[in-house]
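Notes for the one structure printed next.
In this note's numbering, the protein residues as written are 3 to 172.
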């Protein structure tokens, strides 16, 4: 069996066509402007890195601002508490002034329903026989800071009398 021989004329013609196409490769726009394309890509990468850094800085600033806001909220709550205390004292000033000028036998005034808590009596006598439980109820009705229960009745009486601006009748 005879082996077929290559057709060198056809091979030469195809190689010549390939050589022509290879010579046209520099005409491809991406190849001609390759350095420019690489430069633009590098600039885009640099811009992306800068954006990432800016976003990280913004996150850091937001976290700091969140902490600052929490501190302001805590301070505001403290100021609101102080303002409420001042308002409570301010509301009682006329009564305390009036009560401080009373004789020991005069009727003592105070606001019924102070701070929304109705008072049980609209007349009372504060003397050395007033019990700890009575003073504790009065302190609660007047909206005062509670006195620790381990204190004596005398401490309760003094706290109530000081707040109302009245002497303790002995």
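Ideal Cβ placement from N, Cα and C applies to all residues, glycine included.
From a predicted model like this one, the values you see are computed outputs, not experimental measurements.
At what residues does the alpha helix (DSSP H) containing residue 144 begin and finish? 134-144
Determine the direct distance from the alpha carbon of residue 137 to that of residue 165, and round the result to whole angstroms. 12 Å
Suppose you measure from the CA of residue 5 to the CA of residue 19; what does that come to, to the nearest Å? 27 Å
Roughly how many angstroms separate the alpha carbons of residue 61 and residue 43, rounded to a whole number? 27 Å
What runs of the alpha helix (DSSP H), each 4 residues or longer, lie entirely inside the region 23-91? 31-34
Rounded to whole angstroms, what is the Cα-Cα separation between residue 158 and residue 58? Approximately 58 Å, taken between the alpha carbons.
Rounded C-alpha distance that separates residue 161 from residue 141: So the two alpha carbons sit approximately 8 Å from each other.
Just the C-alpha distance for residue 134 and residue 154, rounded to the nearest angstrom, thanks. 7 Å
Expressed to the nearest angstrom, what Euclidean distance is found between the alpha-carbon atoms of residue 67 and residue 92? 36 Å
Cα-Cα separation between residue 69 and residue 83, rounded to whole angstroms: 21 Å
Give the secondary structure of residue 151 by DSSP, where H, G and I count as helix, E and B as strand, and everything else as coil. coil
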